[in-house]
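Trainee:
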Ligand code: UN1
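Residue numbers (this note's numbering): 2 to 512.
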């Protein structure tokens, strides 16, 4: 089936006029042609040309030129652009969500939630534009003052994944822009239209600011060759990359080879510990959304449930019922809980994990499989619940699918050890009504993840916190708190307002 994109935001893209309007460079179309398919029913969304490496080079230089002007615009004025972006995104929320649903297969509910993350981060970034504070530091020398300033970095390279095709760009872009940087963005090959939708909003917002430079944010489309071009480029001081561990390692090595900075947000293999004191009904609701939401394709998806042995049978029974009531189907329908996986390869990964879990002694409680009720040509699968004898090899891996592995524990120390025993360290949660257990889990000897929650699930973080994780998750932090510091360089300034030159550390150097 052919989908006619009647979405106003993208009405020009099929005429191949859209991108050039965004970047002002016709040659963006010289690259390879790429067919776009929707996971909703496997139908066509049209075609786009990828950007060539040569054009990417040109665009990076252009972005650097834009940076040289943009850095001089006062931060609160830069914030006015981001405020306008938020207003325009809010106005087009439904249309933007529709693009996400068609291209990435996210349910309309969650797609709207994703656009809301973008709007929220705009509000946060506008506030930040007046709060890029440095410290004043007491100097040990008389008539001296020390202070810190935060300056913009330059062109920020952004690489994003299909599963949050707008929000992750927004986390990076809205902050990077108020911080005085420009951006070159390589979206996922699976979600280029979402990137064009984001840029349509930015273009609309920029109409109110004709004095601002062209090329503040540029989209470059393509595969790993384009990612590599960003990673290697000396005009890009920071590359922020979201995706697989393998991609992150490639990027980090290339950026590291030139001593650039990288900000990585990679895999998660998130666990939830369910203790005997927990409110089980509350926990079931938290578990279900975390395990099944976004068809298990969030990096914060719950994949490992570690339940106290005394309540394991009850919890498994309750979860079985809840999972069986999940509505799999067309993500454009309001009532759908579980839309399609993104493509056939994702379905194969799901099937492979099920087979492997069986071999490793897993007992299927909810058996899953392709969904017959949903479209035959789409990539619809049902949720899977496995009771595992131990945290075996398959459980240690991140499979981007709605598969939940349940294991039991007898004492909390062991449960925390199991939770920390994987290579990834993004998100984690405990459900308990016992303050000692909660605090132990949050303590220095508790969860080793970037996100540790009490009585809420592992996914669905708000933008106000710093988002990211440890170990193979890559160590980067994006979005809230002081993540903005990643997008700036710190200058320490010492100012002497006296008539002497005293040296620090008491050194005498008189002559
Ligand atoms: C991701 O999957 O890459 O916490 C990001 C969450 C979302 C972001 C997920 N706010 O689940």
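Built from N, CA and C at the ideal position, the CB exists for glycine as well.
Which same chain residues end up closer than 6 Å to residue 120 when comparing Cβ atoms and leaving out the 5 residues on each side of it in sequence?
Mentor: On the chain shown, position 119 is the one that residue 120 refers to. Correct list, in chain order: 87, 90, 91.
Trainee: Examine the ligand UN1 and report whether any of its heavy atoms sits within less than 8 Å of the Cβ of residue 213.
Mentor: Indexing the chain shown from 1 puts residue 213 at position 212. Checking the Cβ of residue 213 against the ligand UN1 gives no.
Trainee: Evaluate contact between the segment 268–278 and the segment 398–409, counting only Cβ atoms and requiring at least three cross-stretch pairs below 8 Å.
Mentor: Contact holds: three or more Cβ-Cβ distances are below 8 Å.
Trainee: Starting from residue 310, trace the beta strand (DSSP E) both ways and give me its first and last residue.
Mentor: Here the question's residue 310 lines up with position 309 in the chain shown. It is not in any beta strand (DSSP E) - residue 310 carries neither H nor E in the DSSP assignment.
Trainee: For the segment 385–425, which segments carrying the alpha helix (DSSP H) assignment without a break, of at least 4 residues, lie completely within its bounds, in sequence order?
Mentor: The qualifying runs are 413–421.
Trainee: Hey, could you find the ends of the beta strand (DSSP E) residue 78 is sitting in?
Mentor: What you label residue 78 is simply residue 77 of the chain shown in a count that begins at 1. No beta strand (DSSP E) holds residue 78; the alpha helix (DSSP H) holding it covers 76–92.
Trainee: Would the beta-carbon of residue 343 fall within 9 Å of that of residue 163?
Mentor: The residue given as residue 343 occupies position 342 in the chain shown. The residue given as residue 163 occupies position 162 in the chain shown. Their beta carbons are under 9 Å apart, which means residue 343 touches residue 163 by this criterion.
Trainee: How long is the line joining the alpha carbons of residue 448 and residue 210, rounded to whole angstroms?
Mentor: On the chain shown, position 447 is the one that residue 448 refers to. On the chain shown, position 209 is the one that residue 210 refers to. Spanning the two alpha carbons is a distance of roughly 46 Å.
Trainee: Can you tell me where the alpha helix (DSSP H) holding residue 255 begins and where it ends?
Mentor: Numbered from its first residue, the chain shown carries residue 255 at position 254. From DSSP, the alpha helix (DSSP H) with residue 255 extends over 246–258.
Trainee: Taking 7 Å as the limit between beta carbons, can you name the residues of its chain near residue 372, skipping five residues before and five after?
Mentor: Walking along the chain shown from the start, residue 372 turns up at place 371. Around residue 372: 329, 381, 382, 383.
Trainee: Tell me whether the segment 305–317 and the segment 401–409 touch, counting them as touching only if at least three CB pairs, one residue from each stretch, are closer than 8 Å.
Mentor: They touch, by the three-pair rule.
Trainee: Straight-line CA distance for residue 459 to residue 501?
Mentor: The residue given as residue 459 occupies position 458 in the chain shown. The residue given as residue 501 occupies position 500 in the chain shown. So the alpha carbons of these two residues sit roughly 58 Å apart.
Trainee: Which one of 477, 53, 48, 122 has the shortest CA to CA distance from residue 223?
Mentor: Numbered from 1 along the chain shown, position 222 holds the residue referred to as residue 223. Minimum Cα distance to residue 223 is reached at 53.
Trainee: Should residue 366 be counted as a contact of the ligand UN1 given a C-beta to heavy atom distance under 8 Å?
Mentor: Along the chain shown, one-based indexing puts residue 366 at 365. Checking the Cβ of residue 366 against the ligand UN1 gives no.
Trainee: Helix, strand or coil: which one does DSSP assign to residue 453?
Mentor: Translated into the one-based positions of the chain shown, residue 453 becomes position 452. Residue 453 falls in the strand class under three-state DSSP.
Trainee: Would you say the beta carbon of residue 411 is closer than 8 Å to some non-hydrogen atom of the ligand UN1?
Mentor: The residue given as residue 411 occupies position 410 in the chain shown. Incorrect: residue 411 has no Cβ contact closer than 8 Å to the ligand UN1.
Trainee: So what's residue 45 in DSSP terms, helix, strand or just coil?
Mentor: Position 44 of the chain shown, counted from the first residue, corresponds to residue 45. It is a strand residue.
Trainee: Return yes when the C-beta of residue 468 is under 8 Å from any heavy atom of the ligand UN1, and no when it is not.
Mentor: In the chain shown, counting from the first residue as 1, residue 468 sits at position 467. Result yes, Cβ under 8 Å from the ligand UN1.
Trainee: Run through DSSP, which three-state label would residue 63 get?
Mentor: In the chain shown, the residue the question calls residue 63 occupies position 62. Residue 63 falls in the helix class under three-state DSSP.
Trainee: When the Cα of residue 104 is compared with those of 190, 254, 158, which residue comes out closest?
Mentor: Sequence index remark: in the chain shown, residue 104 carries index 103 (1-based). The residue with the shortest Cα to Cα distance from residue 104 is 190.
Trainee: Strictly by DSSP, which residues pair up with residue 467?
Mentor: As a first step, residue 467 is located in the chain shown; it is residue number 466 there, counting from the start. According to DSSP, which records beta bridges pairwise, residue 467 is partnered with 480.
Trainee: Quick one: any contact between the segment 333–341 and the segment 459–473, if contact means 3 or more CB pairs under 8 Å?
Mentor: Flag = no, the segment 333–341 and the segment 459–473 do not touch.
Trainee: Taking 8 Å as the line, does the beta carbon of residue 164 fall inside it for any heavy atom of the ligand UN1?
Mentor: For the purposes of this step, residue 164 is identified with residue 163 of the chain shown, where counting begins at 1. Within the cutoff, so yes.
Trainee: According to DSSP, simplified to helix, strand and coil, what is residue 141?
Mentor: To locate residue 141, count along the chain shown from 1; it is residue 140. Residue 141: coil per DSSP, three-state reduction.
Trainee: Whole angstroms are fine: how far does the CA of residue 217 sit from the CA of residue 134?
Mentor: By one-based count along the chain shown, residue 134 stands at place 133. By one-based count along the chain shown, residue 217 stands at place 216. About 23 Å.
Trainee: Closer than 8 Å: is that where the CB of residue 118 sits relative to any heavy atom of the ligand UN1?
Mentor: The residue you call residue 118 lines up with position 117 of the chain shown. Checking every heavy atom of the ligand UN1 against the Cβ of residue 118, one is found closer than 8 Å.
Trainee: Cβ of residue 243 versus every heavy atom of the ligand UN1: is any distance shorter than 8 Å?
Mentor: Position 242 of the chain shown, counted from the first residue, corresponds to residue 243. Yes.
Trainee: From what residue to what residue does the alpha helix (DSSP H) around residue 327 run?
Mentor: For the purposes of this step, residue 327 is taken as the residue at position 326 of the chain shown. First-last for residue 327: undefined, no H or E at that position.
Trainee: Would you say residue 333 faces chain C, with C-beta separation under 9 Å as the test?
Mentor: The structure shown contains no chain C; it is built from a single protein chain.
Trainee: Between which two residues does the beta strand (DSSP E) carrying residue 505 extend?
Mentor: Residue mapping note: residue 505 aligns to position 504 of the chain shown, counting from 1. Per DSSP, residue 505 belongs to no beta strand (DSSP E) and is neither H nor E.
Trainee: Take residue 150 and list the residues in its own chain whose beta-carbon comes closer than 8 Å to its own, dropping the five residues that flank it on each side.
Mentor: Here residue 150 is taken as the residue at index 149 of the chain shown, counted from 1. Hits under 8 Å: 135, 491, 492, 494.
Trainee: Three-state secondary structure (DSSP) at residue 7?
Mentor: Position 6 of the chain shown, counting from 1, holds the residue named residue 7. At residue 7, the pLDDT of 39 sits below 50, so the modelled position is not reliable and the matter cannot be decided from this model.
Trainee: Closer than 6 Å by C-beta to residue 118: which residues in its own chain qualify, once you throw out the five before and the five after it? Chain order, please.
Mentor: By 1-based counting over the chain shown, the position of residue 118 is 117. Result list for residue 118: 168, 464, in chain order.
Trainee: Under 8 Å, with one C-beta from each stretch per pair, do the segment 244–256 and the segment 284–295 reach the 3-pair mark?
Mentor: Too few Cβ pairs lie closer than 8 Å, so no.
Trainee: Does the Cβ of residue 165 have 16 or more other Cβ atoms within 10 Å, making it buried, or fewer, making it exposed?
Mentor: As a position in the chain shown, residue 165 is number 164, starting the count at 1. That one is buried.
Trainee: Going by DSSP, which residues form a beta bridge with residue 382?
Mentor: Counted from its first residue, the chain shown places residue 382 at position 381. Per DSSP, 371.
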